Every structure is written in C-alpha cells, then in structure tokens.
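If you're matching positions, the sequence shown starts at 19 in our numbering and goes up one per residue.
The beta carbon of each residue, even a glycine, is placed where N, CA and C say it ideally should be.
As the structure is a computational prediction, the values presented were derived from the model and not from experiment.
Below you'll find the structure, written out as structure tokens, and then a few comments.
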Amino acid sequence: MPHRTQTINGLIKKIESYDPKADFEMIRLVYDYAKDAHEGQFRKSGEPYIIHPLAAAYILANMSIDPVIIMATLLHDVPEDTDRTLEDLEKNFGKEIASLVEGITKLGKLKYRGVERYIENLRKMFIAMAEDVRVMIIKFADRIHNLTTLDALPPQKRYRIALESLEIYAPIANRLGMDEMKGELEDLSFKFVYPKEYERVKKMRDEKLQGKEKYFKHIINITEKELKKSNISVISIHGRNKKLYSLHKKLIDKNNELGRIYDIVAIRIIVDNVAKCYATLGILHSIWKPIKGRIKDYIAQPKPNGYQSLHTTVFAEGGEPVEFQIRTLEMNEDAEYGIAAHWHYDEHGSRRPQKDIKWVQELAQIQKDILNKLSDLEEMKVDFLQSRIFVLTPKGDVIDLPEGATPVDFAYHIHSDIGNKCTGARVNEKMVSLDTELRNGDIVEVLTDKNRKGPSPDWAKFVKTHTAKTHISNFAKSKNGGLSRFFNILPKKGDK
Ligand code: MN
Numbered sequence: 019m020p021h022r023t024q025t026i027n028g029l030i031k032k033i034e035s036y037d038p039k040a041d042f043e044m045i046r047l048v049y050d051y052a053k054d055a056h057e058g059q060f061r062k063s064g065e066p067y068i069i070h071p072l073a074a075a076y077i078l079a080n081m082s083i084d085p086v087i088i089m090a091t092l093l094h095d096v097p098e099d100t101d102r103t104l105e106d107l108e109k110n111f112g113k114e115i116a117s118l119v120e121g122i123t124k125l126g127k128l129k130y131r132g133v134e135r136y137i138e139n140l141r142k143m144f145i146a147m148a149e150d151v152r153v154m155i156i157k158f159a160d161r162i163h164n165l166t167t168l169d170a171l172p173p174q175k176r177y178r179i180a181l182e183s184l185e186i187y188a189p190i191a192n193r194l195g196m197d198e199m200k201g202e203l204e205d206l207s208f209k210f211v212y213p214k215e216y217e218r219v220k221k222m223r224d225e226k227l228q229g230k231e232k233y234f235k236h237i238i239n240i241t242e243k244e245l246k247k248s249n250i251s252v253i254s255i256h257g258r259n260k261k262l263y264s265l266h267k268k269l270i271d272k273n274n275e276l277g278r279i280y281d282i283v284a285i286r287i288i289v290d291n292v293a294k295c296y297a298t299l300g301i302l303h304s305i306w307k308p309i310k311g312r313i314k315d316y317i318a319q320p321k322p323n324g325y326q327s328l329h330t331t332v333f334a335e336g337g338e339p340v341e342f343q344i345r346t347l348e349m350n351e352d353a354e355y356g357i358a359a360h361w362h363y364d365e366h367g368s369r370r371p372q373k374d375i376k377w378v379q380e381l382a383q384i385q386k387d388i389l390n391k392l393s394d395l396e397e398m399k400v401d402f403l404q405s406r407i408f409v410l411t412p413k414g415d416v417i418d419l420p421e422g423a424t425p426v427d428f429a430y431h432i433h434s435d436i437g438n439k440c441t442g443a444r445v446n447e448k449m450v451s452l453d454t455e456l457r458n459g460d461i462v463e464v465l466t467d468k469n470r471k472g473p474s475p476d477w478a479k480f481v482k483t484h485t486a487k488t489h490i491s492n493f494a495k496s497k498n499g500g501l502s503r504f505f506n507i508l509p510k511k512g513d514k
C-alpha cells in the first residue's frame with residue numbers, strides 16, 4: 019500500500035467522485051485536527067502517525083462510503099492516543115462523529131490475556147455493533163491497515179494480531195456480508211498465522227493461473243458476443259481470482275485436490291435485473307455444457323448472510339471447467355459491502371434506501387446468539403475458562419473444547435454419529451493420530467467411514483469431554499447385547 023502517495027487532497031478527490039455535495043471544508047478541518055493531535059507521534063514503521071488514520075479513511079473512500087464515517091475514521095485514534103478528549107471532538111464536529119469515535123475508543127484497549135481476552139474482545143465488539151454497526155466498518159478499515167504494516171512489529175505481537183483478525187474479525191465481517199473486507203482481513207492475516215501454508219497455496223494458485231489470461235479473455239469475448247446477440251446489455255464482465263485463504267480452506271475440504279476446485283478464477287457477469295440473470299444463465303448453457311450439480315441459484319435461495327447470485331460451472335472451450343457468477347449490480351454491492359452497502363454511494367451518487375431491515379434483524383440475531391453464549395461462559399468459573407481451547411472447523415466455525423481435547427472429542431462435539439464413525443483426523447492439513455492434543459487455532463477435520471460399527475473402547479483412555487466418554491462407554495455396553503444397542507443409535511438429547 020503506497021502510503022506516501024496518500025494525501026488529504028487525494029482523499030477529498032476520491033470522495034468528490036461519489037459524493038460531490040459532501041462538506042469538504044469540514045473533512046479538511048477534521049483532518050487538520052487529527053494531524054495536529056497526533057503531531058510528534060510515529061508509527062512503529064517510523065512514519066508520522068497521521069499516515070494510519072488517513073490510510074484507513076482511504077480504504078473506506080475506495081468503497082464509496084458515507085463521508086461522516088470517513089471523518090470518524092480520521093479521528094478514530096485521537097481520544098485514546100492524544101490529549102484531545104471526546105468532549106472536545108463533540109464541540110468541534112458534533113455528536114454523530116463524536117459518538118462513532120467513542121464507539122471505536124471503547125473497543126480500544128483489552129485488559130485480559132488468553133481466552134478471556136478473546137471473550138472480552140468478542141463481547142466488546144458485539145456491544146459496539148449493537149449500538150452502531152458503523153463502528154465495525156471503521157474498525158475493519160483500521161485493522162486492515164494495521165495488518166498491512168505488521169512487519170514493523172515483533173513476531174509475537176504480529177502473530178497475535180493476525181490470529182485475532184483471522185478468528186474474530188473476519189468471521190464477523192463474513193456474518194455481516196462484507197465479503198471485500200472479510201477477504202482482505204483473511205488474506206493479510208493468513209500470511210502471518212500460517213506462513214508455510216500461505217506460500218504453498220500462493221504457489222499452487224500462481225502455477226494454475228500461469229498463461230491462462232488469454233484463455234479467460236477469449237471466454238469473456240465469446241460470452242459478450244453471445245449476450246449481445248440476445249440483446250442483453252452487460253454492466254460489467256470480468257475475471258476474479260479466488261482469495262488465498264478461501265482457497266486454502268477449500269483445499270482442506272477437497273482433500274488437497276486442486277483439480278476439484280473450479281473457481282480459482284470465476285467470471286463475474288453483472289446485468290440489469292433478475293430476469294436477465296436467468297436469461298444469461300440460459301445462454302451460457304446453450305454455448306457450453308454445464309457440469310452436473312454445479313448450478314446454484316442463490317437468487318431464489320440466498321445464503322444465510324444474504325448473498326445472492328447465480329453460479330454455474332460449464333465445460334468451456336477445450337473442455338476446461340469455468341465458473342460463472344451472474345448477478346445484478348445491487349446484488350454485487352450487497353455481496354461486496356454487505357451491511358456497509360447502506361452507507362455506500364452507488365454510481366448515481368445516491369445512497370441505498372434503507373429498505374432491507376433484514377440486515378438489522380439478522381444482526382440482532384447474531385448478537386443474541388453470541389451474547390447468550392458469552393453469558394453462559396461468564397457463568398463458568400474463571401479457571402475453567404482458562405483451560406478451554408478454541409479450534410476451527412475447515413469452514414471456520416469456532417468450537418470450544420477443554421484443554422487436552424483430541425480429534426475424537428472434536429468429532430463427538432460436532433455430532434455423535436461423526437464421533438462413532440470417525441477413523442482419522444487432519445489437523446492443519448496434516449494427518450494425525452486420534453489421540454493428538456489439539457491446540458488453540460488448530461483447523462480440525464475429521465475423517466469418517468460410514469461402515470464403521472462404532473467407537474474403539476481404547477478411545478476412553480484419552481478423550482476429555484463428557485459427551486465423548488458417555489458415547490464410548492454406552493457403545494461398549496451395547497455391544498454386550500440387549501435392546502440398548504438399538505436405543506444407542508438414536509441421537510441423544512443435547513446432540514446438535
Ligand atoms: Mn487505529
């Protein structure tokens with residue numbers, strides 16, 4: 019990121035391009051105020067501190083975000099790191115900006131370490147989100163810029179910030195539908211959390227893409243011509259590369275077989291309306307044969323985070339599988355900006371009407387779920403909390419287990435049936451034995467065999483969770499005959 023070229027004039031120009039009526043005088047005043055407040059402070063990289071809020075503001079301006087949020091971003095570190103107070107901010111720039119900055123400041127410093135820190139962080143973020151979700155948009159921009167300058171920090175701190183971004187920030191951005199920011203947060207952290215995997219996946223992707231540019235250009239040309247023949251005007255058509263961390267997770271899902279991943283590059287087509295989306299899909303299928311089971315209608319059935327699009331993979335020229343993603347402009351903005359789309363200006367310079375209360379409801383639900391989970395955790399004893407670890411499913415869901423837990427505990431936590439049929443496990447992509455102790459941040463994948471009769475009695479010697487112990491001993495009992503065997507295969511209460 020070329021900070022040196024970022025200036026307040028550049029920022030204002032950028033904002034002018036999507037909101038010519040913005041209060042530029044005020045934006046300039048805000049910038050001068052922040053610059054003054056941070057005078058004499060420097061980033062770990064040695065650069066003047068103002069570089070950081072300015073860069074974060076640029077990230078949001080590049081997403082055509084509401085100038086009010088951008089002004090709060092310029093001021094986001096002022097109350098915490100300088101002698102200027104929130105009251106002073108309010109006096110100068112009004113309540114709205116001051117309250118956004120206050121939200122960020124509250125997220126600020128974390129007292130605790132280890133697992134408690136994780137919980138404290140989550141709780142703070144959800145409270146901030148509940149009060150004003152715009153605070154999260156600023157926080158993500160702040161974090162993205164910090165991740166681009168991690169090299170200046172000591173390794174330990176670097177790792178902690180990257181891990182936190184990968185495990186907490188990115189999943190929240192994902193739940194808020196902010197795909198752009200989620201992708202940035204993941205790829206920037208990936209490199210620091212799993213450096214070897216990062217290099218490996220990057221190399222794999224680059225090799226796979228080598229020399230393919232011409233091919234994709236050719237496919238895009240054919241598509242454009244055919245759509246034109248049918249009078250479908252295309253707003254935009256372009257290839258997009260899959261992000262590295264998302265490719266990494268998919269590789270884990272697909273047993274590391276790159277050949278089974280069809281969307282390393284996808285061609286994205288944006289058209290006027292929903293009817294044209296379906297018409298485009300039909301035309302693609304008349305040129306190239308679609309691959310069975312790869313047609314997905316997320317327009318009729320959106321993903322849980324609201325994502326809408328049509329996906330299909332076809333055997334294109336030369337029999338090569340190519341994925342297409344077809345959507346309207348509105349769907350595309352929703353997909354890229356998620357909840358931030360409400361503060362994003364479209365190409366006509368107007369803001370999206372707040373018609374989707376869906377987002378707000380969804381958000382309320384996420385908060386409720388997580389806060390419930392947190393209050394459960396809070397009720398437990400502190401020493402119990404300290405002995406918990408957090409591991410991840412290949413899809414990125416966080417699972418908490420007692421310290422010393424093994425892949426078998428993990429398997430039973432997911433579902434009793436997965437526990438009973440489990441034959442092996444992969445941790446961070448490596449095959450491990452079933453009694454391996456899991457560590458914080460591990461990505462765990464369980465291998466099962468549907469023909470397996472049940473758990474091995476030996477597992478009882480190393481499992482740590484009550485659930486796993488119960489299932490294993492019940493199975494051993496049932497083997498001794500009796501009707502209980504039949505009851506044991508029924509899902510138990512409490513199983514998810
Ligand atoms: Mn900051």
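Asked                                                                                                                             : Found
Check whether I26 and L93 have beta carbons under 9 angstroms apart                                                               : no
Residue(s) in a DSSP beta bridge with S254                                                                                        : I288
Whole alpha helix (DSSP H) elements within the segment 179-250, 4-residue minimum                                                 : 188-193, 197-211, 213-227, 231-247
Pick from V481, G472, K479 that is closest to K495, judged by C-alpha positions                                                   : G472
Same chain, Cβ closer than 7 angstroms to D427, five either side skipped, listed in chain order                                   : L419, V481, K482, T483, A486
Through-space distance from I490 to K479, alpha-carbon basis                                                                      : 10 angstroms
Per-residue DSSP class, three states only, for K532                                                                               : Residue 532 is absent from the structure shown; the chain starts at 19 and stops at 514.
Beta-carbon contacts of K31 that lie in its chain and below 7 angstroms, excluding the five residues immediately before and after : none
Extent of the continuous alpha helix (DSSP H) to which L92 belongs                                                                : 85-92
Complete runs of the alpha helix (DSSP H) confined to the segment 394-464 [at least 4 residues]                                   : 400-404, 425-432, 434-438
A74: CB within 8 angstroms of a non-hydrogen atom of the ligand MN                                                                : yes
Touching by the beta-carbon criterion (3+ pairs, under 8 angstroms), the segment 302-310 and the segment 208-221                  : no
Counterpart residues of K314 in DSSP-defined beta bridges                                                                         : H329
For N259, three-class secondary structure by DSSP                                                                                 : strand
C-beta atoms of I186 and P412 nearer than 9 angstroms                                                                             : no
Exposure of P172, with buried meaning 16 or more beta-carbon neighbours within 10 Å                                               : exposed
Member of S474, D150, T466 whose CA lies at the smallest distance from the CA of H433                                             : T466
Pair within 9 angstroms by beta-carbon distance, Y67 and F60                                                                      : yes
Beta bridge counterpart(s) of Q343 as assigned by DSSP                                                                            : R286, H329
Burial state of F493, where buried means 16 or more other Cβ atoms lie within 10 Å                                                : buried
beta-carbon N239 near the ligand MN non-hydrogen atom, thresh 8 angstroms                                                         : no
K471 - DSSP class collapsed to helix/strand/coil                                                                                  : coil
C-alpha gap between P12 and A180, whole angstroms                                                                                 : Absent from the model: residue 12. The displayed extent of the chain is 19 to 514, so no value can be given.
Inter-residue spacing [alpha-carbon to alpha-carbon] between L299 and F111                                                        : 50 angstroms
Rounded Cβ spacing between E215 and E447 (contact assumed at less than 8 angstroms)                                               : 7 angstroms
For H362, three-class secondary structure by DSSP                                                                                 : strand
Contact test: P71 Cβ vs the ligand MN heavy atom, cutoff 8 angstroms                                                              : yes
Inter-residue spacing [alpha-carbon to alpha-carbon] between I83 and R223                                                         : 32 angstroms
As assigned by DSSP and simplified to three states, the class of T298                                                             : helix
Limits of the alpha helix (DSSP H) - the one that E335 falls within                                                               : Where E335 is concerned, there is no enclosing alpha helix (DSSP H), given that its DSSP letter is neither H nor E.
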